[in-house]
Structure formats: C-alpha cells, structure tokens
Amino acid sequence: DSGVTQTPKHLITATGQRVTLRCSPRSGDLSVYWYQQSLDQGLQFLIQYYNGEERAKGNILERFSAQQFPDLHSELNLSSLELGDSALYFCASSVDGFYEQYFGPGTRLTVT
Amino acid sequence: SQKIEQNSEALNIQEGKTATLTCNYTNYSPAYLQWYRQDPGRGPVFLLLIRENEKEKRKERLKVTFDTTLKQSLFHITASQPADSATYLCALDILQNSNYQLIWGAGTKLIIKP
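For the record, the sequence lines run as chains A and B. Those letters in the first sequence? Residues 1124 to 1235, per our numbering, in order. Those letters in the second sequence? Residues 146 to 259, per our numbering, in order.
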C-alpha cells in the first residue's frame, strides 16, 4: 500500500460528459502528479501541483483541468469526454520534486 | 524530440539468472533517472534513482548503472525470482516549455520462468 488513495476505482460514462477524479496524497507529501496510461501511449505526465500551486504541466488537454486543495487532496476534471480518453488515470505524490513518486491504485475510466 | 527507448519485446529469463533491462534516451541530459516496477492494473512502484554524477547504484538484488556518454541506463536483477515478473519502467526528468517534467519509457515486460 503506497498510502496514496484514489476514487473512484472504476468509472463508466458517455461521450460528452464530465467526470471528476479524486486523489489523496501520502501523509506529508506536498506534490501531487496526475498521469494518464493507455495501452498505446504508455504513461503520460499530465500535471503537477505543489502545496496548492500548479508547478509543471505536461501533455494535458485543454478539456482537462486539475486543482490541489488546502488539505492537499487533488482533483482531476475531465470534460467533453471522447472515446480516446478511456484510460487508467494515476495520481502520484512525493515530498517534492519528480523523484521517488508514490502511485495510487488508479481510476479506470471507460468512455462509451 | 525527447525520446526514451526500452526493450519493446518481453524478456524471458530463467529463475536464478540475472535479468538486464536497457533504457536508452536521446536529445537530453537528465539530472537523474528512475526505475519503477508496474504490475498489471496497478500503479508503478519506485525502485531506484540514479543521479547523473553516479555511475552505479545498488539496492538488495537490484543494480542500476547510468552512462551519460552513451545516454543509457542498465537495470539488473540478480538471482531473479518468478515474483520479479512485472513491467519495468524507466523515467527521466527533462526541461520542456520552461518547466521540468518526467517522461517515461514504454516499459519492458520481464518474465521469470521457474
């Protein structure tokens, strides 16, 4: 158990809809990262937050947004969903920096 | 563009032997490189980090080398066990669009046969 929690575990929704994925980092970790993993793309870095502020941005679509709250939990919002957004979404946390990240169990999103 | 290459084919190793996985990269000079293990349907698990000024790092049966001239890292598992079967990912930090981010290899699937 990494100490990182993610909800929900599975999500099935229709194209055009909007969903919110939730992540709670390990106790003491200030950085939260979001990743997308699909079979043909591998693990893609989306965005990083550090202590409530956006710190780094990867290949995140404009339809996606995230935030980190004062209690350090984070949410990833995915809107106008398309079939291609079906993937595993992982949250990870670390004390700081990109190294030694601890990953949550992931949310499997299926868009039909 | 930045690119990380890992053995795309699955690696089959006999139990007890040493498994060696390769991570090659181009067009960048990362400050450090990391290795993670991922089991099917689960999140990656951090294994080892090696910095650009380190040639080798060990942790129990694991050893990582980092050759910044060759732009290559090798990941070794000695005395391999069936429980070591998993996909192994390498990741390195890059500076892109004025900020740092982590890019990941596609992973190598390792199968240890009893």
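The C-beta atom is built at its ideal place from N, Cα and C for all residues, glycine as well. Keep in mind it's a predicted model, so treat the numbers as computed, not measured.
In the three-state reduction of the DSSP assignment, B:D238 falls in the strand class.
In this structure, B:L193 sits away from B:K200, with a CB-CB distance that is not shorter than 7 Å.
For B:D184, no CB of chain A lies under 7 Å from its own CB, so it is not counted at the interface with that chain. If the five residues before and after A:T1138 are omitted, its C-beta is found closer than 7 Å to the C-beta atoms of L1204, E1205, L1206 and V1234, all from its own chain and listed in chain order. Relative to B:Q159, the option among B:C235, B:L247, B:L234 and B:I222 whose CA is nearest is B:I222. With contacts defined by Cβ atoms closer than 7 Å, A:T1230 and A:L1144 form a contacting pair.
The shortest C-alpha to C-alpha distance from B:L178 to any of B:N157, B:I248 and B:I195 is the one to B:I195. DSSP places B:Q246 in the uninterrupted beta strand (DSSP E) bounded by N244 to W249.
Cβ-Cβ separation between A:Q1167 and A:Y1212: approximately 10 Å, too far for a contact (criterion under 8 Å). Taking the Cα of A:S1217 as reference, the smallest distance to any Cα among B:G252, B:I257, B:F191 and B:R206 is reached at B:F191. By the CB criterion at 7 Å, B:I257 and B:S225 fall inside the cutoff. If the five residues before and after A:S1188 are omitted, its C-beta is found closer than 6 Å to the C-beta atoms of N1200, all from its own chain and listed in chain order. Listed as beta-bridge partners of B:S218 by DSSP are B:C168 and B:F211. An exposed status is given to B:K162, since fewer than 16 other beta-carbon atoms sit within 10 Å of its beta-carbon.
A direct Cα-Cα distance of roughly 8 Å separates B:A251 from B:S153. Residue burial annotation: A:L1162 is exposed, with fewer than 16 other C-beta atoms found within 10 angstroms of its C-beta. Across the structure, B:L207 and A:Q1140 are spaced so that their CA atoms are roughly 45 Å apart. Distance from the CA atom of B:S243 to the CA atom of B:R182, rounded to whole angstroms, is 29 Å. In this structure, A:C1146 lies near A:S1197, with their beta-carbon atoms less than 7 Å apart. In the assembly as shown, B:S230 is a buried residue. Its beta-carbon has 16 or more other beta-carbons within 10 Å. Annotation: B:L207 has no Cβ neighbours in chain A at a cutoff of 9 Å; minimum Cβ distance is about 15 Å.
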